[in-house]
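**Student:**
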Amino acid sequence: MQSRFKDKPSVLLFFPPGWSLNYGAPHIGLPIIKGYLSKYNISCDIQDLNIESSRFFGVTLSEQKLLSLMTDFDSENAYKFYFSFSDKLQKIAEKYKGQWRIKSGFVYDGCDLSSSKDIEYFSKIESPFTKFYEDNIISKISNHSYSIIGISVTVPSQLLSAFEISRIIRKSGYKGIIVLGGNTITRLKEELFLDWIYDVVDCIVLNQGEESLKLIFDSLQNNGKFDNIPNLLWRKNGKIIYNGYKHIEKSQFSMPNFEGYPIGEYWGINYLPIIGARGCYYGKCNFCSIPYAWGNDGFVGLDNPTHVFNSINESIQKYNIHNFSFVEETMHPKTIKEIAKLVAESNININFEGYIRFESIWLNDSLLLLLSNSGLKKVFIGMELISNKNRNNLNKNDNANQIVEFLKKFKKYGIKVHLFTMFGFPGTNELDAIDTVKFLFDNSDLIDTIDVSHFVYSKHTQINGVTPLIETSKDWAIEYDFIAENSSYINSKEAQILANGLESIVIQTKPQWTHPIYRMYTAWQ
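According to the numbering used here, the stretch in the sequence shown is residues 12 to 536, in order.
Structure representation (structure tokens):
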């Protein structure tokens, strides 16, 4: 591929609408890439169109307003306030014959986000964002010398926006390289050999994008050839080519650079994402495909604790933010212990949260005391089900049989707990789910928040005892309904009904457990 832009390339990266607005922070993906490119003196701008579109339409939630709602927390009134945002978004969506939800973005009525044909068709239609894009994207491009524009698709609900943005950019006469990437794009790799895609974008970067984007940059300064750039899907002489996989090395891990994002203007109490590992160091839960996009069997490696601490310290200096969320699939005890030591030694004041597993190390008093004193406010744990023989089918291989002991230890050190539950996994049954909810109620004084969900068959997993229902028309699906092969198992519809029923009981009995307003507040207070 020959470069269509002769000036020294600079890079512009977009995070499109469709990501949940509930978070008090940006997604970490593009800041990581910006941080990596900056090490090579490559100019890179990033823009969060998701939160900016929310502000464009006047749908925002300030920290001050959140704190006022929490002064005398009333679940019903807080829901009314929260759903007033939904109503405002929906009124906008109705003008375009669609639905707009706070957590999952805008979609047209009749558009199936799991259908590539629907994405192709509906991305050509005027959306609520069209004028916003034209006013904010085209002017930015015309005023700068960007020769690479990248768009990240983290979740399926960003697909429509990503392709609409690409079309608008190309229609404006932009002559540079348009690149598509992100978690969802990586998971759809085998379904991206479609010519219409490469009429809209020039190439697709799979897995981690840092090194591939740098090599595209290098190529544009030299021969313009993409043949040796790893993780790349592109069209050459009419044929779509995949260049092969290569994961980034630990020595290449970079600190996220959030410059360009409106830090402090996200919903509720703002914090920054931080990352201590690329992927999940355990990575053997049968149902989970979250780490897939990292490549290398879902785990690339642990970052250097000093490197992570420096990132935290630098963010405090730049943004005066003292709240941090570790976003790796699970914090490694050794890494987080070393980071906590550095925090304690430096005498900086932070609050942080993160995901962990039920491993015996988390019962260690000295570790919990260190972490608590260093600012650990909340942990998120995949319980899924109360411990019994059926839970073994999930292959979590943890110490969930000691869950009450874990919960009591965390409470002792002032660390709040969020528990994820999942019902309907093959080999588990309705009684397992009911017993789990009963356990939650019996230990409610030890639990801050929960998620209630049902098992879905994820792309890139293999589950015994059920058959995924893969429909040709839903070629871009990353989750499937399923039918049980064993009469003692429940199917996907039954699992959903079970989870919905139990969740409604939870909402009635302990409304703050799943309340979106409460969740924005609790970890940081």
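Note that CB positions come from ideal geometry on N, CA and C, so glycine has one too.
Does the distance from the C-beta atom of LEU23 to that of ILE44 stay below 8 Å?
**Tutor:** no
**Student:** Helix, strand or coil for ALA495, going by three-state DSSP, please let me know.
**Tutor:** strand
**Student:** Where does ASP456 land, buried or exposed, given buried means 16+ other C-beta within 10 angstroms?
**Tutor:** exposed
**Student:** Quick check on the DSSP output: the alpha helix (DSSP H) that includes TYR119 runs from which residue to which?
**Tutor:** No alpha helix (DSSP H) holds TYR119; the beta strand (DSSP E) holding it covers 116-119.
**Student:** Measuring straight from C-alpha to C-alpha, what distance separates LEU509 and TYR424?
**Tutor:** The straight-line gap from Cα to Cα measures roughly 35 Å.
**Student:** Quick one: grab the DSSP three-state call for GLU490.
**Tutor:** strand
**Student:** Indicate whether ILE367 and MET342 have their beta-carbon atoms separated by less than 8 Å.
**Tutor:** It is a contact, given that the beta carbons lie within the stated cut-off.
**Student:** Straight-line CA distance for GLU276 to SER73?
**Tutor:** 7 Å
**Student:** Anyone know if the C-beta pair for GLY187 and SER158 falls short of 8 Å?
**Tutor:** yes
**Student:** For HIS465, which residues does DSSP report across the bridge?
**Tutor:** HIS465 pairs with PHE434.
**Student:** Give the secondary structure of GLN507 by DSSP, where H, G and I count as helix, E and B as strand, and everything else as coil.
**Tutor:** helix
**Student:** If you run the structure through DSSP and keep just helix, strand and coil, what is TRP278?
**Tutor:** coil
**Student:** Report buried or exposed for ARG15, applying the criterion of at least 16 other Cβ atoms within 10 angstroms of its Cβ.
**Tutor:** Confidence at ARG15 is low in this model, with a pLDDT of 45, below 50, so the placement of that residue is unreliable and no value is reported for it.
**Student:** Less than 6 Å between C-beta atoms, sequence neighbours within five positions excluded: which residues of the same chain meet that for PHE391?
**Tutor:** Hits under 6 Å: TYR366 and HIS429.
**Student:** Classify ARG530 as buried or exposed, calling it buried when 16 or more other Cβ atoms lie within 10 Å of its own Cβ.
**Tutor:** buried
**Student:** Would you kindly check if the distance between the Cβ of LEU191 and the Cβ of VAL212 is under 8 Å?
**Tutor:** yes
**Student:** Tell me the rounded alpha-carbon separation between ASN502 and GLY184.
**Tutor:** 50 Å
**Student:** Take VAL319 as the anchor and find which of GLY287, ASN233 and ASN399 has the nearest alpha-carbon.
**Tutor:** GLY287
**Student:** Using the three-state DSSP reduction, which class does VAL212 fall into: helix, strand or coil?
**Tutor:** coil
**Student:** Which ranges does the beta strand (DSSP E) cover as unbroken runs of at least 3 residues, wholly within the stretch 17-104, from first to last along the chain?
**Tutor:** 22-26 and 55-59
**Student:** Here's a check: name, in chain order, each residue in its chain whose Cβ is nearer than 6 Å to the Cβ of PRO302, leaving out the five neighbours to either side.
**Tutor:** Beyond the five residues adjoining it in sequence on each side, PRO302 comes within less than 6 Å, by CB distance, of GLY290, CYS291, GLY294, GLY309 and GLU340 in the same chain, given in chain order.
**Student:** Sorted by chain position, which residues of the same chain lie with C-beta nearer than 7 Å to LYS257's C-beta, five sequence neighbours on each side aside?
**Tutor:** PRO241 and ASN242
**Student:** Would you give the residue range spanned by the beta strand (DSSP E) that ARG246 belongs to?
**Tutor:** 243-247
**Student:** What do you get for THR82, buried or exposed, if any count of 16 or more other CB atoms within 10 angstroms of its CB means buried?
**Tutor:** exposed
**Student:** Within 10 Å of its beta-carbon, does VAL338 have 16 or more other beta-carbons around it, so buried, or fewer, so exposed?
**Tutor:** buried
**Student:** Look at ASN331 and ILE280 and say whether their C-beta atoms are less than 8 Å apart.
**Tutor:** no
**Student:** Between SER134 and LEU171, is the Cβ-Cβ spacing less than 8 Å?
**Tutor:** yes
**Student:** Cβ of THR478 within 8 Å of Cβ of GLU496?
**Tutor:** yes
**Student:** Among residues of its own chain, excluding the 5 on either side of ASP409, which ones have a beta-carbon nearer than 7 Å to its beta-carbon?
**Tutor:** Result list for ASP409: ARG368, PHE369 and GLU370, in chain order.
**Student:** Sorted by chain position, which residues of the same chain lie with C-beta nearer than 6 Å to GLY116's C-beta, five sequence neighbours on each side aside?
**Tutor:** PRO28, GLY29 and SER168
**Student:** Assign GLY235 to one of three DSSP states: helix, strand, or coil.
**Tutor:** coil
**Student:** Any idea if LYS449 is buried or exposed, counting beta-carbon neighbours within 10 angstroms, 16 or more meaning buried?
**Tutor:** exposed
**Student:** Using only the alpha-carbon positions, how far apart do TRP245 and TYR209 sit?
**Tutor:** 7 Å
**Student:** Between which two residues does the alpha helix (DSSP H) holding THR317 run?
**Tutor:** 316-330
**Student:** Does GLY306 come out as helix, strand or coil in the three-state DSSP assignment?
**Tutor:** coil
**Student:** Count the other C-beta atoms from every protein chain shown that fall within 10 angstroms of the C-beta of GLN219, then say buried if there are 16 or more, exposed otherwise.
**Tutor:** buried
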